[in-house]
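Protein chains: 6
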Amino acid sequence: MEKVVTFGEVLMRIAPLGNKKLKQSNQLEYYFGGTEANVAISLSQLGNATQHITAVSNDFVGDAAKSYLQKFGVNTSSIINSEHPLGLYFLEVGAVMRSSTISYNRSQTAFSNIDPKEIDWPTILEDCTWFHWTGITPALSYNAYKALKEGLRVANNKGITISADPAYRSNLWNYEKNAFETLNELVSMSNIFIGGPNEINELLTTTFAHTKEGFIAGSKLLMSEHPSIKKVFDKTRISINANWHKIRARMWNGNDYAQTDELEITHVIDRIGTGDAYAAGLIHGLLHYDDVMALEFANASCAIKHTIEGDANLVTEKEILNIIQGNLSGRIIR
Amino acid sequence: MEKVVTFGEVLMRIAPLGNKKLKQSNQLEYYFGGTEANVAISLSQLGNATQHITAVSNDFVGDAAKSYLQKFGVNTSSIINSEHPLGLYFLEVGAVMRSSTISYNRSQTAFSNIDPKEIDWPTILEDCTWFHWTGITPALSYNAYKALKEGLRVANNKGITISADPAYRSNLWNYEKNAFETLNELVSMSNIFIGGPNEINELLTTTFAHTKEGFIAGSKLLMSEHPSIKKVFDKTRISINANWHKIRARMWNGNDYAQTDELEITHVIDRIGTGDAYAAGLIHGLLHYDDVMALEFANASCAIKHTIEGDANLVTEKEILNIIQGNLSGRIIR
Amino acid sequence: MEKVVTFGEVLMRIAPLGNKKLKQSNQLEYYFGGTEANVAISLSQLGNATQHITAVSNDFVGDAAKSYLQKFGVNTSSIINSEHPLGLYFLEVGAVMRSSTISYNRSQTAFSNIDPKEIDWPTILEDCTWFHWTGITPALSYNAYKALKEGLRVANNKGITISADPAYRSNLWNYEKNAFETLNELVSMSNIFIGGPNEINELLTTTFAHTKEGFIAGSKLLMSEHPSIKKVFDKTRISINANWHKIRARMWNGNDYAQTDELEITHVIDRIGTGDAYAAGLIHGLLHYDDVMALEFANASCAIKHTIEGDANLVTEKEILNIIQGNLSGRIIR
Amino acid sequence: MEKVVTFGEVLMRIAPLGNKKLKQSNQLEYYFGGTEANVAISLSQLGNATQHITAVSNDFVGDAAKSYLQKFGVNTSSIINSEHPLGLYFLEVGAVMRSSTISYNRSQTAFSNIDPKEIDWPTILEDCTWFHWTGITPALSYNAYKALKEGLRVANNKGITISADPAYRSNLWNYEKNAFETLNELVSMSNIFIGGPNEINELLTTTFAHTKEGFIAGSKLLMSEHPSIKKVFDKTRISINANWHKIRARMWNGNDYAQTDELEITHVIDRIGTGDAYAAGLIHGLLHYDDVMALEFANASCAIKHTIEGDANLVTEKEILNIIQGNLSGRIIR
Amino acid sequence: MEKVVTFGEVLMRIAPLGNKKLKQSNQLEYYFGGTEANVAISLSQLGNATQHITAVSNDFVGDAAKSYLQKFGVNTSSIINSEHPLGLYFLEVGAVMRSSTISYNRSQTAFSNIDPKEIDWPTILEDCTWFHWTGITPALSYNAYKALKEGLRVANNKGITISADPAYRSNLWNYEKNAFETLNELVSMSNIFIGGPNEINELLTTTFAHTKEGFIAGSKLLMSEHPSIKKVFDKTRISINANWHKIRARMWNGNDYAQTDELEITHVIDRIGTGDAYAAGLIHGLLHYDDVMALEFANASCAIKHTIEGDANLVTEKEILNIIQGNLSGRIIR
Amino acid sequence: MEKVVTFGEVLMRIAPLGNKKLKQSNQLEYYFGGTEANVAISLSQLGNATQHITAVSNDFVGDAAKSYLQKFGVNTSSIINSEHPLGLYFLEVGAVMRSSTISYNRSQTAFSNIDPKEIDWPTILEDCTWFHWTGITPALSYNAYKALKEGLRVANNKGITISADPAYRSNLWNYEKNAFETLNELVSMSNIFIGGPNEINELLTTTFAHTKEGFIAGSKLLMSEHPSIKKVFDKTRISINANWHKIRARMWNGNDYAQTDELEITHVIDRIGTGDAYAAGLIHGLLHYDDVMALEFANASCAIKHTIEGDANLVTEKEILNIIQGNLSGRIIR
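Protein chains in written order, with the UniProt record's numbering: chain A, 1 to 334; chain B, 1 to 334; chain C, 1 to 334; chain D, 1 to 334; chain E, 1 to 334; chain F, 1 to 334.
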């Protein structure tokens, strides 16, 4: 079984129970997450070998983070132990028209202080089939950017497929590197692009519409600017409110356009990590099925994540296939 | 006040909180249930005298099960204490298109090892008006089947009304008796049939449609095959998804067909035991009202159970009558 | 910063978790509330100086009540310590067509036994801009009525704006005073009327319809009967069921009629205190904006309260303005 | 199986978890208790038939109280449903040198407003062997006193053994009856006195020392003043602090003095209801064993209650006999 | 890093919170344990590579069990997925003189139905240094015995050190094999004996005293009967009560006797698994230190386990060394 | 009522429940604390006016911190809102010989980035009687040191009494200022010294013994080196283990030596903040009583804090006086 490697910050998510405000109760619940780690956990639950590379604090908090990844089957043997604390965020969960809010504490963390030299990419990527990164990582620090770029370089040399989810978060980039220049550089080293007109417009300073036509035209331009990119996968979301969403996925693989049916989530349990569930479903689909089925897999994976508490999508392949086959009634399985 | 007697396995239901997967948290919650015990508890809450016959483990777990039934007013004085453990199941609660899943541990339990000779049916049924059984019981073991059959025999001799909910669960029948032969034998000793075309088709190897016509024709055939059956009660359910259901009840009492309005449950709290709530509402209705009102009572009882946590329907007659009168807005009662 | 003063009973609300019946679990959760205190807390969260006048038990329960108010920024320095217990209520939370039910324990409480002489209204109202009262207070006891009337008298002398929410609760009035005579007396000392045809009809023994026309005609009559009243604010609510509501606000300010768009709450988290959230939003709006914006503020404040656990509306002005601007998708704020 | 009847107020006990102050957390836990109900529950757990007579609120709180008693096997069929609320108290649990504190809300409760005519003592006491009362009941109200006295009169007529635990609580007596006159009157209708020099001194205005000699002399005087009293049972307690107690029991039965060994509770789990556990153990002992064994049973029952959460002693006869046999190491039973 | 392999049943432990009886609350907490798995987890926390061999149910319960082991670093790659349920037990935690009680549900479990042929011992033991077994395993079923014996055979062939903890539990042996004959057979294939006069007397039908002399003499006889045994390790425990213990360890290694100082646990947090902590500490000690230090390590490991919730000893080597160095004051480490 | 002003970092404390390791459960509990804020809260609970000066994050976490202080009566009106996150720490609670461990996340916090110019000391200290600081503050950052020094300068000018708790924590000082030079500078601006031979030896590079003689000699030297210091207060602690402590307080006020009796805490509930409780008790004592009584107050306050969950001592003056009067049995107060 060849493995998928992910690289990125692990964050502790701390939240009051239910829809309470932090000041309403002294009870909290935690999960560990982080966009790339979520992908690794989800891929592991789907039956793939996975390894996550990150840095955690050299104490019981970092130990708990590693234990969390191990619990869900992710290899943690190359995680770096750091003198700096683990990043974390507090979450207050909204409802209906009230937004959830997040308070980050991730500025001087174990991951952002990572020393690129401590990562032995050649060994880590030895038996690796797929490498996944997101735009969060280069945003966090120069060191994180350097470490990621070196990983991509080694992966390219080994012919490993690289998926990029270059989501740009303006409030994270707080060091001198130009965000879009950096992202373009990293995308040019990647093969699968997870994003649509919004992301393409940011990268290429274009104005493609969110329509099918805009998506295809944008994808084509992206592929011509970054010839390493072979396929583009996107999703569209309609948020009626915080509890009621509709999603649909679409792709351009250089030859064909495809889109899925819309899936409706009338009672959202947890919104966080649904994009990561999409990415994990996509990677799993591309590893084991054809492009159209991979798209269906990504969409169903994203949809079902809305029913899972925590950051990562803890469902089996069987549960996702069940949705793709149109079984949406949620009947009890005895 | 004459009593209703029920007979069947009491199961402990153990589940993580909310929509969590078992592996996500070390916190659990339990209820005691079991389809026939749920009917007894619900009838007790509606103001009827009830007694439940079962076997439980001879330790603090069995003691807790009996205490649970007592708490809700069910007579436990003839429950058998066994050397075998109490049956139980773990539940993971799904949402939207994600199914709830159940892991049973009920193969060598106190109930399936019940010794029919230990049940003193003549005494138990002395002041009894109604006896209720389901198809789960004969499925569990030959002993359970024998004990049930003897109970039905004694009840028949005493002229007690017998309601049958012969739901067939294929994965439960794991001993040599033929399931449908057995169920037909027991139905032929009963008076009120709770089921529709699906159940009739299984019993009589027919193919009645789920339509009104199919329901009536099937009911007529059932009554001619099993002349002891005098009335047939059914419900139809549309599951938009795990959180959003619509239900409606219908009946054929030998002379008349009737059906209720549809009740819509837009935010399901707990799906388990809603069929038992239907049965309990029906029995209560038939004991205290006419057939059509009993049908309304069954439907409203089933609907409101979707808003109650746990296996049994813990509502009062007043709350059900309120729904039958069309008060569906759920306003606060101060 | 000039302050808003409120006067009324503080109640402890005790409830089992989730949708459980009290007898289902030994776990409870509590909040402190009370219609006028809820208004004070909400106004405080919106950035206003507030002070609440009440009486609490002279022990750790009363101390916890005061601490609760302080936590949310309400001045408690003139709260009376009493030998009598704090009022409280138990709540069982319903769902869909099942009503929530409340069991009150508020007959011989610290507040209903309040001694009007213990309240130094002239000092309390010294730097006060706004005084708010509701019809609950005069219903509770003669002493409470006397204390309120004296507060209104002093406030009138100082030219303080007085808002009245004269909700009539028949089951509360259990002393000899005539309810409607009393309420009319107190309304005639007030300036802002929070209520519509229902409340006006009760006060004036009229039969205005709940339509726009009925609302305007009723408001005009009220203003002519009670010339101190300058503006009337109302809201309409459609309860599809306990979990799904639609609300809209309207006003008559002597010259103009206005109404807001309808806001839909598809997944109600907590229904209690939404009327108080309306009042607080209205007062805040009238203190800082024009009438129409105040109406929008009241409506949005009421709507978002349905997503907040507990009795009081713990949201910021920014969150409410966001809704008024039409941002209803509940997107995560990072 | 002949039954033990108890009569007294059922109180809801509400407390924050662990050693928290009420204001420290919004999480609470509840139990139902009350000194006489605790005795009934404990006797029921020891295998005796029991019935408790009281009044509860006619709503879901009163329903929960009755369910609680039923759960532990106490007959609730003659409990009165009242328009008044159930009594309750809040508890903050201390530790070491910090005292636990209690805030009562029991002044105008269902029980204190009990109508003596509503209790059908002749029927209730028909198959009764033992009647137990405490000094709390006559303290609560004149009605409660009248109802108790009538119960004692009927019990006397039927030759039922009556145990009296005449604990005097000064802060409860708030109506005109003289406390000690009343208690003497009721003791003169009883047979078993649970109390020692403290209680005797209060009743007879004497000054017996707490020594063995004082205990015997006091008991003799009590028996001569109240010839119906045949035996006196007492316990002594050394409280090193809130978590560490030592107890010992003694008796004078008219002929013999006896005392038990000291039992040491080094890690107290719950102090409340240990006196009631003593009374229940004593009654059970006197019903099934000789006086000295009854004394041992009372002492062991009291000791083990310190390890049980909640108000009532939920242990089996086997667990108590185990202690009497000197097995104090608390080894795991598999 | 060479690994330690353990083999045995994984049990789910389910318990109400704190010292509650099961019937007192619907809240539960779970851990996974099992004597051999506890050893594996503890060794893993101490920094050793470990692998546990067992069978679990082929559903979300078994998945949770495997995830639990993975979380703490134990290799689960050779665990068998079974159609049978996972074994479990309920626990009520006692205090002081009240015993904890356990209700087992482990008769027809995944492990007891294990098929010896499904275990590929040669591969599993390839890079293994140490194999550990206990007397629980052969007691559970003939299949379990066969599988264990085959494992020992292969381990012997590979020269792997084998530690035996042959604790005899009479209530577990419920198949035809003679318990002591079986245990002697398995001990004769082992090298390190964890047990003292009690265990030796059971195996050899002798009557050695629990004294130092009895321990040495018994150890010598055991070694002469079973020459494969090279060292014997024992511990003595004084249970003042369920919350207060004193322990001490001793050994005979064929040449020398040694014993540790007594460690006193004045406030026991969790008694379960302290013997397994001893075994794990011992194995770690023998792998990394000399015999006397291994004995100290076993004793300190056992002592500190009394302060850890759950079945397994989740402490680091540093924490144990700290105790061995005499730092017993439990000061906060910042 | 004149107020006490404190200045220092507010930290959020996050911990798993009970004695669990972080990785054992996803449930957490939080408190806000910080050594100086703890003093303010405790003084507020004792009836004094208090104000705390700090900086918190400008989001819902900082808002919760302020609400927490307000709840316990501390004035928060001059707290600075910062762009930086609030400091926090994770706690794993040990037992017996297992140490509690703390993982800090306080390096780039709102407080350590405080801008001294933002604090308007002259206004804050206007109606202030007492100012309290600790050695944690100057350790955190140069900015914090500068802000504190300016506060002391203004306080000195106004003749405000200043208490210093100059606890030196080596792992906190991570900027260029020399720790002991800095502490001496700040102590020389203070009047009451809370510390003994350990602290004096660190400041003055001496070797006074921990005996009475060493304490007095050290205090005399300290007073001669820092003539502003008028009184020295100390406590001694014997930690039998993490759950069992003994404490005693002593003082030298320039003329007299005094020491208290030893108080024994056999069942420690929470060790954190006991030193702060000592300081708060001392300040309260010195504000309201003589030196010897202040010493008793400090000791009793420290002792009872061991029974309070969380960081701050939430007890009343009455509870402390009760201990001083020798009432240590922890009897229930009804």
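Built from N, CA and C at the ideal position, the CB exists for glycine as well.
May I have the straight-line CA-CA distance separating I194 of chain F from T35 of chain D, to the nearest angstrom?
49 Å
Tell me which residues of the stretch 61-72 of chain E have at least one Cβ-Cβ distance to chain A shorter than 8 Å, keeping chain order.
S67, Y68, Q70, K71, F72
Could you work out which residues of chain I lie near T274 of chain D, taking near to mean beta carbons separated by less than 7 Å?
You won't find chain I in this structure, because its protein chains are A, B, C, D, E and F.
I'd like to confirm the pairing. Which residues does DSSP put opposite V5 of chain C in its beta bridges?
C:Q51, C:F131
Starting from W244 of chain F and walking both ways along the beta strand (DSSP E), at which residues does that stretch end?
244-252
T274 of chain D - DSSP class collapsed to helix/strand/coil
helix
Under 8 Å, do M189 of chain C and L152 of chain C count as touching if we go by C-beta distance?
yes
Compare the C-alpha of G74 of chain B against each of D:E317, D:S67, D:Q45 and name the closest.
The question names Gly, but residue 74 of chain B in the sequence shown is Val. Closest by alpha carbon: D:S67.
State yes or no: is the C-beta of A55 of chain C within less than 8 Å of the C-beta of F32 of chain C?
no
Q45 of chain F versus chain B: which residues are under 8 Å apart at the beta carbon?
Near Q45 of chain F there are no residues of chain B at all, since even the closest Cβ is about 33 Å away, more than 8 Å.
Under the rule that 16 or more other beta-carbon atoms within 10 Å means buried, what is K117 of chain A, buried or exposed?
exposed
Check whether chain D comes within 8 Å of R271 of chain E, counting only Cβ atoms and requiring the distance to be less than that.
yes
Name the DSSP bridge partner or partners of T101 of chain B?
A:I333, B:E92
Would you kindly report the start and end of the unbroken beta strand (DSSP E) that includes G33 of chain D?
27-33
How far does the beta strand (DSSP E) with A164 of chain B in it extend, from its first residue to its last?
161-165
Against T101 of chain C, what residues of chain D qualify as contacts under a CB-to-CB distance less than 8 Å, listed in chain order?
D59, F60
Would you mind sorting K318 of chain A into buried or exposed? The rule is 16 or more other CB atoms within 10 Å of its CB.
exposed
If the cut is a Cβ gap below 8 Å, which residues of chain B does I14 of chain E touch?
I14, L28
How do the stretch 118-129 of chain E and the stretch 321-333 of chain D stand: do at least 3 beta-carbon pairs fall below 8 Å, yes or no?
no
At which residues does the beta strand (DSSP E) containing P122 of chain F begin and terminate?
Element bounds for P122 of chain F: not the beta strand (DSSP E) but the alpha helix (DSSP H), 121-124.
Just curious, the alpha helix (DSSP H) that F297 of chain C is in, first and last residue?
291-305
contact_flag[the stretch 20-27 of chain A, the stretch 21-28 of chain D] where n(CB pairs < 8 Å) is 3 or more
yes
May I ask you to list the residues that DSSP assigns as paired with L263 of chain B?
B:I247
Looking at the C-beta of T307 of chain B, does it have a partner C-beta in chain C at a distance below 8 Å?
yes
Just how far apart, CA to CA, sit F131 of chain A and A300 of chain A?
22 Å
From A:K231, A:G87, A:D270, pick the residue whose C-alpha is nearest to that of S103 of chain A; which is it?
A:G87
Start and end residues, alpha helix (DSSP H) containing K231 of chain C
Here K231 of chain C belongs to no alpha helix (DSSP H); instead the beta strand (DSSP E) covers 231-241.
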